[in-house]
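Numbering (our numbering), first residue to last: 4 to 396.
Glycine is no exception: its CB is placed at the ideal position from the N, C-alpha and C atoms.
Notes for the one structure printed next.
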């Protein structure tokens with residue numbers, strides 16, 4: 004996991020938490036690596052741990068720094084390389100590994116002013132995408148442009164190499180203006196082929212949920228070659244016929260979420276999803292829940308389970324352990340002082356908190372409210388993203 008120092012007085016750091024069954028150190032950090040940066044806002048890393056021998060990409064958002072980390076020895080992490088955005092792109096956010104080992108990187112902004120006068124951050128221009136080698140050599144870039152008078156802010160990727168297509172969502176982070184669209188690129192040359200508006204979703208009774216189309220978020224390629232995704236506003240979509248001139252977007256239901264409490268905020272806060280068998284598992288921050296959909300028939304998804312978290316914890320990040328039925332759940336804008344470890348039953352679609360952990364008396368909880376760490380007495384920390392390391396056999 005990447006961790007921020009809670010009071011910004013000390014360096015942010017990377018940490019390895021022991022989750023081995025029966026370990027006397029379970030739930031505690033067995034190694035840390037200070038990054039040398041303070042108040043860097045450790046944010047996203049790859050959603051899946053890369054193969055053994057490859058470096059892990061992650062970012063320090065406020066510093067616009069991308070980092071490559073050697074995790075081959077969990078007790079001795081190593082910061083192998085860092086790189087800054089290629090001009091004119093700014094603010095790297097997501098990293099996705101391609102089958103050939105390169106990385107796709109989304110940049111939320113570029114130099115210049117936003118086309119939308121409501122944008123308050125500078126620079127606030129539209130973002131772009133890039134591809135890097137496994138050792139972070141820049142291969143190519145493309146700008147995302149604008150749509151419907153708003154900047155496109157590339158967020159996450161779904162790559163279909165057999166179709167030579169790349170699907171990219173658009174969502175803001177610190178920005179307050181962003182186009183609610185999907186973009187389809189020809190992967191081989193990064194040519195933008197199609198920009199598709201996301202419509203608002205509806206409740207099961209047919210009532211439209213205003214603003215539920217905001218911020219297309221986590222696209223995932225399904226076994227049938229379609230791309231399923233959620234919006235941050237908690238509507239679910241499916242893109243099919245992606246190799247055609249007219250990809251088809253189907254809009255499914257929206258979750259019933261509280262309306263925004265302040266101007267410019269987005270309802271719902273549905274975060275990073277995981278596909279587990281024929282289930283779609285989605286954190287829903289403002290519902291303080293993790294929602295499970297059955298997508299065995301992706302044209303007819305249905306909710307089958309919902310796990311409630313404490314009201315102080317806003318679920319956002321989710322990643323799967325490739326060696327078990329565990330998932331790690333991180334928070335956003337509330338609850339980032341710890342993570343939950345979950346267990347998933349792929350026969351019933353039910354989630355539970357892992358009883359092997361009990362930080363602060365909560366089942367499945369790993370607390371970051373520690374006075375000391377392996378690197379020293381830097382005090383409490385917070386975290387946003389984490390992955391499971393492969394346990395050596």
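Assuming residue i and residue j form a contact by the criterion Cβ under 8 Å, report the distance between their Cβ atoms to the nearest whole angstrom.
i, j, result
"residue 360", "residue 345", "At roughly 10 Å, the Cβ-Cβ gap does not stay under 8 Å, so residue 360 and residue 345 are not in contact."
"residue 350", "residue 393", "Between residue 393 and residue 350 the Cβ distance is about 25 Å, and since that is not below 8 Å, they are no contact."
"residue 70", "residue 62", "7 Å"
"residue 78", "residue 178", "39 Å between Cβ atoms; not a contact."
"residue 277", "residue 232", "That pair is no contact at about 13 Å."
"residue 384", "residue 8", "6 Å"
"residue 221", "residue 121", "The pair is not a contact, with the Cβ atoms about 26 Å apart (cut-off 8 Å)."
With a CB to CB cut of under 8 Å and the five nearest residues on each side skipped, what residues in its chain are close to residue i?
i, result
"residue 245", "163, 166, 168, 170, 187, 228, 229 and 230"
"residue 143", "133, 134 and 193"
"residue 396", "Low confidence applies here, because residue 396 scores a pLDDT of 44, under 50, leaving its location unreliable; read the following figure in that light. If we look at residue 396 and ignore the five residues flanking it on each side, it has no Cβ neighbours."
"residue 11", "41 and 42"
"residue 403", "For the chain, the structure presents residues 4 to 396; residue 403 sits outside this window and is missing."
Could you check whether residue j and residue i sit closer than 8 Å to each other, using their CB atoms as the reference points?
i, j, result
"residue 255", "residue 201", "no"
"residue 236", "residue 268", "no"
"residue 81", "residue 49", "no"
"residue 114", "residue 87", "no"
"residue 97", "residue 47", "yes"
"residue 58", "residue 72", "yes"
"residue 291", "residue 317", "yes"
"residue 30", "residue 362", "yes"
"residue 219", "residue 257", "no"
"residue 264", "residue 271", "no"
"residue 302", "residue 223", "no"
"residue 137", "residue 109", "no"
"residue 129", "residue 94", "no"
Give me, in chain order, the residues of the same chain whose beta-carbon lies closer than 6 Å to that of residue i; leave out the 5 immediate sequence neighbours on both sides.
i, result
"residue 198", "150, 184 and 186"
"residue 285", "233, 273, 276 and 294"
"residue 381", "8 and 13"
"residue 314", "291"
Which same chain residues, not among the five before or five after residue i, have their C-beta less than 7 Å away from its C-beta?
i, result
"residue 279", "323, 347 and 349"
"residue 141", "89, 133 and 135"
"residue 352", "282, 295, 297, 307 and 308"
Determine which residues share a DSSP beta bridge with residue i and list them.
i, result
"residue 257", "238"
"residue 26", "Answer is none; residue 26 lacks a bridge partner."
"residue 286", "293"
"residue 211", "205"
"residue 197", "187"
"residue 85", "70"
"residue 318", "334"
Can a CB atom of chain D be found closer than 8 Å to the CB of residue i?
i, result
"residue 213", "The chain inventory of the structure shown lacks chain D, comprising one protein chain alone."
Quiz item: Taking one C-beta from the stretch 202-217 and one from the stretch 151-159 each time, how about it: are there three or more such pairs within less than 8 Å?
Solution: Touching, no, given that fewer than three Cβ pairs across the two stretches are closer than 8 Å.
Quiz item: Any chance the stretch 48-61 sits against the stretch 20-37, with 3 or more Cβ pairs inside 8 Å?
Solution: no
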